[in-house]
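So for the sequence shown, this note's numbering puts the first residue at 1; every next one is plus one.
Glycine included, every Cβ here is placed at the ideal spot set by N, Cα and C.
As the structure is a computational prediction, the values presented were derived from the model and not from experiment.
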Amino acid sequence: MAAISFDPFNALSDDQAQERIVAAKAKLGSRAVLLCHHYQRADVYRHADITGDSLKLSRLASQTAAEYIVFCGVHFMAEVADILSRPEQVSILPDMAAGCSMADMASRAKVERCWRELATVLDPDEKVTPVTYINSAADLKAFCGEHGGIVCTSSNATQILEWSFKRREKVLFFPDQHLGRWSGYRMGIPMDEMAIWNPDLEMGGLTRAQIEKARIILWHGYCSVHQMFQPGQIDRFRAKHPDGIVISHPECSFEVCRKSDYVGSTETILKTVKAGAPGTHWLVGTELNLVERLAQEVKPEGKTVQFMADTICMCSTMQRIDPQHLAWCLENLAAGNVVNRISVPPHEAVLAKVALERMLEAS
Ligand code: 13P
Ligand code: SF4
């Protein structure tokens, strides 16, 4: 049977889409598992079989028995599910436009150019471990697999840096400069031994001496959502709530992380606030869908949870996975049509898996 087109689903009301999701899920039963990242919007998140941060979801993607892994997250997450699952399993992203703007800040061509330029100063394959944040395309994970490198997530980046420094004296960390800097700082690496590589400049905008001195070379990438959080917002919260507690995601700027009481992945943020004492006040520096859901959940214990930014900042790309797209993709699966399959080319998948498995073993 030909795939059902998306057009009629676009016209569904949210309530109609919800009913169709429930019906299609019931029809699919255990053949489909719905993995949801914590930033997913509420009207999709409520259908999740499993929720988590990137590390938890990648581990679970390798363990699920379902035929279809429907990933309500962004493109790189569905790629990881495809790489780590068995060959007969199918990874699906309900809307192909759900990308990650930070992941797009590093490309294979630019990283290869960086590697070539570094080779004019030192032998990168002997001296530099490439470390890619999981928020990156599969071909960059493959680059790391090929060059003795590794993947990290927001919950294990410091451990992964330790793994890397046991092997080579320097690290090239991409694409998120903030996660790399914060993790290096936590390991005690001085700021002047962390240099920024600007991929749009020759030699990354660095001198030979700066490259020789650097222990971590940080790619000039960032998350547009987390860069909205500012240290001044923490100061204002603390002035109002002297006993308040601040928790941020490590994609926030260094100044925000340093002013926070806790810094951790989305899963860590949820666990820490939920474990907090009744009546405590929290300021949270991460995406709005997570923060709003958390605020509601802990309200009965008298805890307040405040969003760090003054403006609304959501992960607009993850937001594209809406009930209409989810209903469309589940009904197609129930009718035997695979739509929006994420399939990493085998030669890339093999090498990317090497880098992912190094991470899973090391953390
Ligand atoms: P977590 O691994 O903490 O869930 O982070 C993923 C992400 O994209 C944060 O912006
Ligand atoms: Fe990417 Fe930022 Fe969205 Fe996370 S919040 S998926 S880093 S754009």
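Cut-off 8 Å between Cβ atoms - residues of its own chain near residue i, not counting five sequence neighbours on either side
i	result
VAL413	No statement about residue 413 is possible, as the shown extent of the chain runs from 1 to 363 and does not include it.
GLU112	PHE143
VAL44	CYS36, CYS72, ILE321, ASP322, PRO323 and LEU326
ARG168	GLU126, LYS127, VAL128, THR129 and GLY148
GLY221	MET102, MET105, ALA106, PHE174, PRO175, ASP176 and GLN177
Cβ-Cβ distance between residue i and residue j below 8 Å
i	j	result
GLN306	PHE237	yes
ILE312	CYS72	no
LEU218	PHE173	yes
CYS114	VAL131	no
TYR39	CYS252	no
GLU162	MET187	yes
THR129	GLY148	yes
LEU290	THR266	yes
ILE150	SER164	yes
LYS259	PRO231	yes
GLY145	ALA335	no
ALA399	ALA32	A question about residue 399 goes unanswered here, because the residues of the chain that appear run from 1 up to 363.
THR317	CYS100	yes
Nearest-angstrom beta carbon gap, residue j and residue i [assumed within contact, 8 Å]
i	j	result
SER58	VAL80	5 Å
VAL98	HIS75	Note that residue 98 corresponds to Ala in the displayed sequence, not to Val. Yes, they are in contact, since the Cβ atoms of ALA98 and HIS75 sit about 6 Å apart, within 8 Å.
ILE69	GLU331	Contact doesn't hold; Cβ gap of about 17 Å is too wide.
ASP183	ALA214	Contrary to the premise, residue 183 reads as Ser rather than Asp in this sequence. Not quite, the Cβ-Cβ distance comes to about 15 Å (not below 8 Å), so this is no contact.
ALA352	LYS110	Going by Cβ atoms, the distance from ALA352 to LYS110 rounds to 18 Å, so no, they are not a contact pair.
ILE216	ILE189	6 Å
HIS281	SER154	24 Å between Cβ atoms; not a contact.
GLY279	GLY302	4 Å
VAL273	VAL298	6 Å
ASP14	LEU34	The pair is not a contact, with the Cβ atoms about 17 Å apart (cut-off 8 Å).
Close beta carbons around residue i, own chain, < 7 Å, minus the five adjacent residues each side
i	result
ASN340	ILE92, LEU93, PRO94, MET96 and CYS329
PHE6	TRP328
ALA309	MET228, PHE229 and GLN233
MET77	HIS37, SER54, LEU57 and PHE71
GLN319	ARG41
GLN159	ALA362 and SER363
Cβ neighbours of residue i in the same chain (closer than 6 Å, five flanking residues each side left out)
i	result
VAL344	GLU79, ASP82, ILE83 and ALA138
ILE134	SER54, VAL151 and THR153
LYS27	ALA334
Beta-carbon distances below 7 Å to any heavy atom of ligand 2 define the shell here; list its residues in chain order, please.
TYR39, VAL74, CYS100, SER101, MET102, ALA103, ASN135, CYS223, SER224, VAL225, HIS226, GLU251, GLU287, CYS315, THR317 and MET318
Of all residues in the structure, which have a C-beta closer than 5 Å to any heavy atom of ligand 1, taken in chain order?
ASP53, SER54, THR153, SER154, SER265 and THR266
List, from N- to C-terminal side, the beta strand (DSSP E) runs of 3 residues or more that fit wholly inside the segment 71-110.
90-92
Any chance you could list the alpha helix (DSSP H) runs of at least 4 consecutive residues sitting entirely within the segment 160-209, in chain order?
177-186
What are the uninterrupted segments assigned as alpha helix (DSSP H) that are 4 or more residues long and contained completely in the segment 216-274, given in chain order?
231-240 and 254-259
Hey, which unbroken runs of the beta strand (DSSP E) at 3 residues or more fall wholly within the segment 28-67?
32-37 and 50-52
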